[in-house]
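Q: Numbering-wise (my numbering), the sequence shown opens with residue 1 and increments by one. The beta-carbon is built from N, C-alpha and C at its ideal position, and this holds for glycine as well.
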Amino acid sequence: GRAVHSELINTEFVKEWLQCCKLQRGSECYLGDHKSPNDTANLRVLDVARGCLVGIPFSSRYVVLSYVGVTVQSLQTRKDNVNDLEEDGALLSRSAEVPQTTRDSITLMSQIGDRNFWVDALCIFQDDLANKI
1 GRAVHSELIN
11 TEFVKEWLQC
21 CKLQRGSECY
31 LGDHKSPNDT
41 ANLRVLDVAR
51 GCLVGIPFSS
61 RYVVLSYVGV
71 TVQSLQTRKD
81 NVNDLEEDGA
91 LLSRSAEVPQ
101 TTRDSITLMS
111 QIGDRNFWVD
121 ALCIFQDDLA
131 NKI
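#1: Pick from Asp88, Ala49, Gly89: whose alpha carbon is nearest that of Asn116?
#2: Among residues of its own chain, excluding the 5 on either side of Arg94, which ones have a beta-carbon nearer than 7 angstroms to its beta-carbon?
#3: Using the DSSP secondary-structure output, state which residues sit across from Cys20 in a beta bridge.
#4: Run through DSSP, which three-state label would Leu75 get?
#5: Determine the DSSP secondary structure at Val144, reduced to helix, strand or coil.
#6: Buried or exposed for Gln126, please, with buried defined as at least 16 other CB atoms from any protein chain shown within 10 angstroms of its CB.
#7: The ligand SAM and Phe58: does any heavy atom of the ligand fall closer than 7 angstroms to the residue's C-beta?
#8: Closest by CA to Asp128, which one among Glu16, Val82, Leu23?
#9: Helix, strand or coil for Asp84, going by three-state DSSP, please let me know.
#10: Which residue comes first and which comes last in the alpha helix (DSSP H) that contains Arg103?
#11: Run the CB neighbour count on Pro57, radius 10 Å, all protein chains shown included, and call it buried at 16 or more, exposed below.
#12: Per the contact definition of three or more C-beta pairs closer than 8 angstroms, is the stretch 57-66 in contact with the stretch 108-123?
#13: Taking the C-alpha atoms as reference points, what is the distance between Asp88 and Asp47?
Structure representation (structure tokens):
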């Protein structure tokens, strides 16, 4: 893709698109009583408001970022750092380690009022093959 300057993004239009989609296709996007493979498990997402990883029910609304180009040096969730990343503000204090695309997406989500954000490098243990599948 190409870079888009933030001043060119009309967040009010984005909010309107999301509202229109919700009204016209809401039932198609609603997960209802979807259960995880482990009924007690939660989906790990980035809480944009708290700036940390949190667990939410699998039926919750969340936004997904899908892209390529993450480097090994970028912040990734592993078994040895997940507890640190679940502390309020953890990702804000380590923002230099977060790829620019992810930081820009977090900013946009905050501007449009969405809170739950899923990106694989942060929401899946990168050192656990079974968890990545």
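A: Checking against the coordinates, here is how it stands:
#1: The residue given as residue 116 occupies position 116 in the sequence shown. It is Ala49 whose Cα lies nearest to the Cα of Asn116.
#2: Your numbering for residue 94 matches position 94 in the sequence shown. Cβ within range, chain order: Leu75.
#3: Position 20 of the sequence shown, counting from 1, holds the residue named residue 20. DSSP, once it has assigned bridges, lists no residue as partnering Cys20.
#4: For the purposes of this step, residue 75 is taken as residue 75 along the sequence shown, with counting starting at 1. Looking at Leu75 - three-state DSSP - the assignment turns out to be coil, as it is neither helix nor strand.
#5: Any answer about residue 144 is impossible in this case: the structure gives the chain only from 1 up to 133.
#6: The residue given as residue 126 occupies position 126 in the sequence shown. Its Cβ being crowded by 16 or more others within 10 Å, Gln126 is buried.
#7: Looking at this structure, you won't find the ligand SAM or any other ligand, since it has none at all.
#8: Here residue 128 corresponds to residue number 128 of the sequence shown, with the count starting at 1. When only C-alpha atoms are compared, the closest one is Val82.
#9: Here residue 84 refers to the residue found at position 84 of the sequence shown. Helix, per DSSP.
#10: Translated into the one-based positions of the sequence shown, residue 103 becomes position 103. Its alpha helix (DSSP H) spans residues 100-112.
#11: For the purposes of this step, residue 57 is taken as the residue at position 57 of the sequence shown. Counting Cβ neighbours within 10 Å, Pro57 comes out exposed, since fewer than 16 surround it.
#12: Yes: the two stretches touch, three or more of their Cβ pairs being nearer than 8 angstroms.
#13: Stepping through the sequence shown from its first residue, residue 88 is reached at position 88. Stepping through the sequence shown from its first residue, residue 47 is reached at position 47. For Asp88 and Asp47, the gap between their C-alpha atoms comes out near 9 angstroms.
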